[in-house]
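A short worksheet on the structure shown next.
Protein chains: 2
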Amino acid sequence: MRTIKLVIAYDGTGYCGWQRQTNGPSIQQELERAASIICNRQITVHGAGRTDAGVHAVGMTAHFSIATALSCRVLQKGLNALLPEDIRITAAEDEATGFHARFSALAKTYRYTFFTGPVLCPLRRLTTYHLPYPVSLEAITACLEIICGTHDFSSFETAGSRDKSRTSGRGAIRTIFRATIEEADPGFFQLLITGDGFLRHMVRNLAGTLLEVGRGKRDVPEFSAILQARDRNLAGATAPAHGLTLLKVHYRYDW
Amino acid sequence: MRTIKLVIAYDGTGYCGWQRQTNGPSIQQELERAASIICNRQITVHGAGRTDAGVHAVGMTAHFSIATALSCRVLQKGLNALLPEDIRITAAEDEATGFHARFSALAKTYRYTFFTGPVLCPLRRLTTYHLPYPVSLEAITACLEIICGTHDFSSFETAGSRDKSRTSGRGAIRTIFRATIEEADPGFFQLLITGDGFLRHMVRNLAGTLLEVGRGKRDVPEFSAILQARDRNLAGATAPAHGLTLLKVHYRYDW
Chain A
1 MRTIKLVIAY
11 DGTGYCGWQR
21 QTNGPSIQQE
31 LERAASIICN
41 RQITVHGAGR
51 TDAGVHAVGM
61 TAHFSIATAL
71 SCRVLQKGLN
81 ALLPEDIRIT
91 AAEDEATGFH
101 ARFSALAKTY
111 RYTFFTGPVL
121 CPLRRLTTYH
131 LPYPVSLEAI
141 TACLEIICGT
151 HDFSSFETAG
161 SRDKSRTSGR
171 GAIRTIFRAT
181 IEEADPGFFQ
191 LLITGDGFLR
201 HMVRNLAGTL
211 LEVGRGKRDV
221 PEFSAILQAR
231 DRNLAGATAP
241 AHGLTLLKVH
251 YRYDW
Chain B
1 MRTIKLVIAY
11 DGTGYCGWQR
21 QTNGPSIQQE
31 LERAASIICN
41 RQITVHGAGR
51 TDAGVHAVGM
61 TAHFSIATAL
71 SCRVLQKGLN
81 ALLPEDIRIT
91 AAEDEATGFH
101 ARFSALAKTY
111 RYTFFTGPVL
121 CPLRRLTTYH
131 LPYPVSLEAI
141 TACLEIICGT
151 HDFSSFETAG
161 SRDKSRTSGR
171 GAIRTIFRAT
181 IEEADPGFFQ
191 LLITGDGFLR
201 HMVRNLAGTL
211 LEVGRGKRDV
221 PEFSAILQAR
231 DRNLAGATAP
241 AHGLTLLKVH
251 YRYDW
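So this is what it looks like as structure tokens:
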């Protein structure tokens with residue numbers, strides 16, 4: 001029995017998210033359908049986590065177990081031939097027995113992209129949140145410094161999701177290793193956040209609150225107080241899904 | 001009567017091209033619909049040229065005539081409010097009487113984007129042609145140097161289109177001011193071509209032939225001979241529409 005790790009990129013626009021669901025097509029379902037055809041039996045694909053409806057990925061990971069003589073290269077080509085064009089396997093490789101896409105992951109990096117100019121280029125509309133207001137990079141950077149390190153992120157957890165996302169016994173405590181903002185192209189800003197794990201909607205809730213600080217609707221001390229309060233009712237709006245992309249899942253060997 | 005110049009960006013994926021047609025939605029039709037609502041009378045919008053079905057634009061231009069007291073800023077905002085999200089007016093400004101988006105244009109710049117890696121990121125699939133083979137930048141650059149200057153481009157004109165695209169009395173003679181290739185991101189290459197005008201499908205026919213040279217299916221002397229032969233049957237395949245973007249239409253003041 002082999003354990004195959006997949007690295008997956010997808011345009012989340014047309015999907016109800018990573019997880020198999022009844023209300024629409026999901027990335028997991030498409031992968032399982034394709035893998036089951038290639039392997040000629042029902043395959044369950046285990047993802048490194050879930051992404052919400054509309055969220056994109058460049059480096060999502062998943063694994064599945066299979067007894068096959070097919071090379072990883074052939075598996076990858078076969079999957080890509082069967083998958084829709086908005087889902088691509090960018091890498092397939094054998095892992096040691098016991099590898100688990102989710103439990104072996106040490107960290108994830110997310111990118112949140114927003115554009116502050118008056119008119120967003122339509123070629124970038126599906127991956128960029130349009131926030132047509134000037135933002136203070138200094139204020140956002142100050143907040144990003146505050147979230148780095150280990151904190152209880154209850155204030156940025158989506159209400160009602162407590163039971164589901166706290167499966168590791170560490171409650172809402174997470175460690176952010178790195179959090180930066182950069183202007184990639186004129187007017188296009190990217191928040192890049194790497195952490196050992198994220199609560200449900202945590203990146204979007206952080207992004208929404210950071211953008212409120214950036215626009216001057218809140219100040220840095222208020223952001224700090226929100227984090228410390230551990231009360232979801234204090235934080236800002238959840239930023240839209242389409243600005244979010246899962247860039248990478250980090251495992252021991254690349255961390 | 002005022003002459004309003006528009007700069008327009010669009011994702012051409014869902015359109016049958018710039019020009020009003022009966023077989024599907026066109027950019028021109030959407031613009032005329034929106035402009036007619038704002039101006040409360042039937043408006044005809046004149047484009048700087050036509051783009052094929054699936055071709056994108058960042059800086060297409062058009063003009064229309066109107067007697068209105070509305071400011072350009074209000075016109076732009078109103079149009080964007082009425083247009084679908086995949087078409088955006090990025091600028092609207094008054095021009096002198098006699099300005100014509102097409103006849104006043106001195107040059108246009110097109111970009112053709114292709115990716116040579118094995119798996120194309122799905123987030124870029126709608127604007128990038130996937131050509132999963134190594135290409136020789138040196139060979140393509142040599143061909144780009146050959147097309148610079150004034151030539152008869154009959155070999156790169158789509159067969160059967162002669163009557164329509166030769167309206168200026170200059171036959172198939174066009175001048176290319178600048179033609180370059182660059183690697184924008186790893187594996188992503190951009191052909192950038194600026195000329196005083198382009199025959200129907202000329203950029204896509206050039207791109208298709210240049211890519212055949214890049215892959216080694218033809219050599220540079222052969223490319224040169226194709227240009228000189230003025231025979232469409234010799235050139236390579238027409239490169240797919242979705243890799244092409246009209247970047248800019250140049251007028252006197254910015255040229």
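Those protein sequences? They're chains A and B, same order as listed.
Everything in the first sequence is counted per the UniProt record's numbering, starting at 1 for the first residue and increasing by one.
Everything in the second sequence is counted per the UniProt record's numbering, starting at 1 for the first residue and increasing by one.
C-beta atoms are modelled at their ideal positions from N, C-alpha and C, and glycine is treated no differently.
For residue i, I'd like the list of residues in its chain whose CB is within less than 8 Å of its CB, leaving aside the five on either flank, ordered along the chain.
i         : result
Thr68(A)  : Arg2, Cys39, Leu75
Leu82(A)  : Arg33, Ala34, Ile37, Ile38
Ala139(A) : Val213, Gly214, Gly216, Asp219, Val220
Leu70(B)  : Ile38, Gly78
How is residue i classed by DSSP in three states: helix, strand or coil?
i         : result
Met202(B) : helix
Phe156(B) : helix
Gly47(B)  : strand
Arg111(B) : strand
Asp163(B) : Bear in mind that a pLDDT of 49 at Asp163(B), under 50, signals an unreliable position, so the number given afterwards is only what the model happens to contain. Of the three classes helix, strand and coil, the one that applies to Asp163(B) here is helix, per DSSP.
His242(A) : helix
Leu192(A) : strand
Leu88(A)  : According to the sequence shown, residue 88(A) is Arg rather than Leu. Residue state, collapsed to three classes: strand.
Ala69(A)  : coil
Thr116(B) : coil
Lys217(A) : coil
Phe223(B) : helix
Thr22(B)  : coil
Can you list, in chain order, the residues of its chain whose CB lies under 6 Å from that of residue i, leaving out five sequence neighbours each side?
i         : result
Leu192(B) : Arg111, Thr180
Ala237(B) : Gly208
Ile147(A) : Ile176, Ala179
Gly24(A)  : Cys16
Identify the residues that DSSP records as bridge partners of residue i: which are they?
i         : result
Ile4(B)   : Phe64(B), Asp94(B)
Thr128(B) : According to DSSP, Thr128(B) bridges with nothing at all.
Val249(B) : Lys108(B)
Arg174(A) : His151(A)
Tyr10(A)  : Ala57(A), Ile87(A)
Ile181(A) : Leu191(A)
So, does the CB of residue i fall closer than 8 Å to a CB anywhere in chain A?
i         : result
Arg204(B) : no
Gly17(B)  : no
Thr90(B)  : yes
His151(B) : no
At the 8 Å Cβ level, is residue i part of the contact set with chain B, yes or no?
i         : result
Glu93(A)  : no
Leu82(A)  : no
Pro132(A) : no
Thr128(A) : no
Tyr112(A) : no
Asp52(A)  : no
Glu183(A) : no
Thr61(A)  : no
Glu157(A) : no
His250(A) : no
Glu138(A) : no
Asp163(A) : Residue placement at Asp163(A) cannot be trusted, given a pLDDT of 49 that sits under 50; what the coordinates show is reported in the next sentence. Judged by the 8 Å Cβ criterion, Asp163(A) is not in contact with chain B.
Asp86(A)  : yes
Val58(A)  : yes
Which residue wins for smallest C-alpha separation from residue i, given the options the options?
i         : options                                    : result
Gln190(A) : Thr127(A), Asp219(A), Glu212(A)            : Thr127(A)
Gln228(A) : Ala239(A), Arg215(A), Gly216(A), Ile173(A) : Ile173(A)
Phe64(B)  : Asn205(B), Glu32(B), Thr51(B), Tyr10(B)    : Glu32(B)
Glu183(B) : Asp94(B), Pro25(B), Phe115(B)              : Phe115(B)
His151(A) : Asn80(A), Leu234(A), Leu199(A)             : Leu199(A)
Gly12(A)  : Gly187(A), Lys77(A), Pro221(A), Arg125(A)  : Arg125(A)
Gly216(B) : Tyr133(B), Arg204(B), Ala239(B)            : Tyr133(B)
Thr158(A) : Thr97(A), Leu131(A), Ala139(A), Leu206(A)  : Leu206(A)
Asp52(B)  : Leu131(B), Glu30(B), Gly14(B), Leu70(B)    : Gly14(B)
Thr90(B)  : Cys121(A), Trp18(A), Leu144(A)             : Cys121(A)
Phe223(B) : Cys143(B), Arg252(B), Gly195(B)            : Cys143(B)
Ala57(B)  : Glu93(B), Phe99(B), Gln29(B), Arg88(B)     : Arg88(B)
Pro118(A) : Arg41(A), Pro186(A), Ala105(A), Glu93(A)   : Pro186(A)
Asp94(B)  : Val7(B), His130(B), Arg204(B)              : Val7(B)
Gly149(B) : Ile43(B), Asp86(B), Asp196(B)              : Asp196(B)
Listing by chain order, which chain D residues have their CB less than 8 Å from the CB of residue i?
i       : result
Ala9(B) : Reference to chain D is not applicable here, since the protein chains of this structure are A and B.
Please confirm whether any heavy atom of the ligand FAD lies closer than 7 Å to the CB of residue i.
i        : result
Arg88(B) : No copy of the ligand FAD occurs in the structure displayed, which carries no ligand at all.
Between which residues of its own chain and residue i is the CB-CB distance below 7 Å, once the five residues before and five after are set aside?
i         : result
Ala101(B) : Lys5, His46, Gly47, Ala48, Thr61, Ala62, His63
Met202(B) : Phe153, Phe156, Glu157
Gly78(B)  : Ile38
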